[in-house]
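Engineer:
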Amino acid sequence: MSEPNTEGARPRPQYGEYASTEEQRRRIQQPDATWALESGQQLDQNPAQQHSPAEAAPLADDTAETDLTRRRRVADRVITIGLLVYGLFNVFTSIPLFTDYSAYAASLFEMMGLQATLSDPEGARAWGFAAAVVLGLGWLLTAVVSWMSMRRGRISWWIPLVGALVFSFASGILLTVPLFLDPGVWDVLVSGASS
2 MSEPNTEGAR PRPQYGEYAS TEEQRRRIQQ PDATWALESG QQLDQNPAQQ
52 HSPAEAAPLA DDTAETDLTR RRRVADRVIT IGLLVYGLFN VFTSIPLFTD
102 YSAYAASLFE MMGLQATLSD PEGARAWGFA AAVVLGLGWL LTAVVSWMSM
152 RRGRISWWIP LVGALVFSFA SGILLTVPLF LDPGVWDVLV SGASS
């Protein structure tokens, strides 16, 4: 139960009870026609010019929150763009390797310690070209999705990472197909495993 008011103590105000008429009008979005007629003032016919509560000055907590949000957004953009630049560098350095599939396979065999050569280097070149196209188009798609996400103000740093994983895996699969289809490579692998 509430305590009875002591003499001289002011009762708890109701909404707008102690506000002056002008203060009450400022808080109301659309002016009351009766009030305007009583006070002899003219009604504002353009509601677009009226002040809304959303336009009120931000509180200190809101300012701190927007500063933090702004810093996070800037950091997210820097990280996203940095990852996209790194991905573009990776694409530009990988495409020449993939299109010259014979040299790519020779360096791969040397790294694995195998004395193998491709039976059909020209047939394998098409797979290397396909891997280069997938990697290049994958980067382009990743950049477009990242840009759209950043424009909407969403967190975007993860998009280049996922794009790199997906399209690098897809181009890696395309690069291994000629190795698994080549009987000369299989002979070297089987003879190396049996010895």
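Residue numbers (my numbering): 2 to 196. Cβ atoms here follow ideal geometry from the backbone N, Cα and C, with glycine treated the same way.
For the segment 105–115 against the segment 74–85, do three or more pairs of beta-carbon atoms, one drawn from each stretch, fall closer than 8 Å, so that the two count as touching?
Structural biologist: no
Engineer: Within a Cβ cutoff of 8 Å, which residues of the same chain sit near valine 167, ignoring the five residues on either side of it in sequence?
Structural biologist: Gly139
Engineer: In chain order, what residues of the same chain have a beta carbon less than 6 Å from the beta carbon of valine 146, not counting five sequence neighbours either side?
Structural biologist: Ile160
Engineer: What residue ranges within the segment 91–178 form continuous alpha helix (DSSP H) runs of no fewer than 4 residues, ordered along the chain?
Structural biologist: Counting only runs of at least 4 residues, the segment 91–178 fully encloses the following alpha helix (DSSP H) elements, listed from N- to C-terminal order: 102–113 and 122–152.
Engineer: Relative to the alpha-carbon of valine 92, which residue among Ser169, Leu182 and Ser192 has its alpha-carbon at the smallest distance?
Structural biologist: Ser169
Engineer: Enumerate in chain order the residues of its own chain whose CB-to-CB distance from tyrosine 102 is below 6 Å, with the five nearest sequence positions on each side excluded.
Structural biologist: Ala125, Arg126 and Gly129
Engineer: Indicate whether threonine 70 and tryptophan 158 have their beta-carbon atoms separated by less than 8 Å.
Structural biologist: By the CB criterion at 8 Å, threonine 70 and tryptophan 158 fall outside the cutoff.
Engineer: Can you name, in chain order, every residue of its own chain whose Cβ lies under 6 Å from the Cβ of alanine 171, other than the five neighbours on each side?
Structural biologist: Excluding residues within five positions, the ones whose Cβ falls inside 6 Å are Val135.
Engineer: Rounded to the nearest angstrom, what separates glycine 185 and leucine 109 at their Cα positions?
Structural biologist: 15 Å
Engineer: Looking at the secondary structure, which residues open and close the alpha helix (DSSP H) in which arginine 28 lies?
Structural biologist: 22–28
Engineer: Tell me whether the beta-carbon of glycine 173 lies closer than 8 Å to the beta-carbon of threonine 143.
Structural biologist: no
Engineer: Are the beta-carbon atoms belonging to leucine 175 and alanine 132 less than 8 Å from one another?
Structural biologist: yes
Engineer: Can you tell me whether phenylalanine 99 is buried or exposed? The criterion is at least 16 other CB atoms within 10 Å of its CB, across all chains shown.
Structural biologist: buried
Engineer: Check this for me: beta carbons of alanine 106 and leucine 190, under 8 Å apart or not?
Structural biologist: no
Engineer: What's the gap between the Cα of serine 21 and the Cα of isoleucine 29?
Structural biologist: Distance between the alpha carbons of serine 21 and isoleucine 29: 13 Å.
Engineer: Using a Cβ-Cβ cut-off of 6 Å (strictly less than) and excluding sequence neighbours within five positions of leucine 84, which residues of its own chain qualify?
Structural biologist: Taken in chain order, the residues that qualify are Pro161.
Engineer: For a test of the three-state rule: what should DSSP assign to methionine 2, helix, strand or coil?
Structural biologist: Because methionine 2 sits at a pLDDT of 49, beneath the cut-off of 50, its placement in the model cannot be relied upon, and the point is left open.
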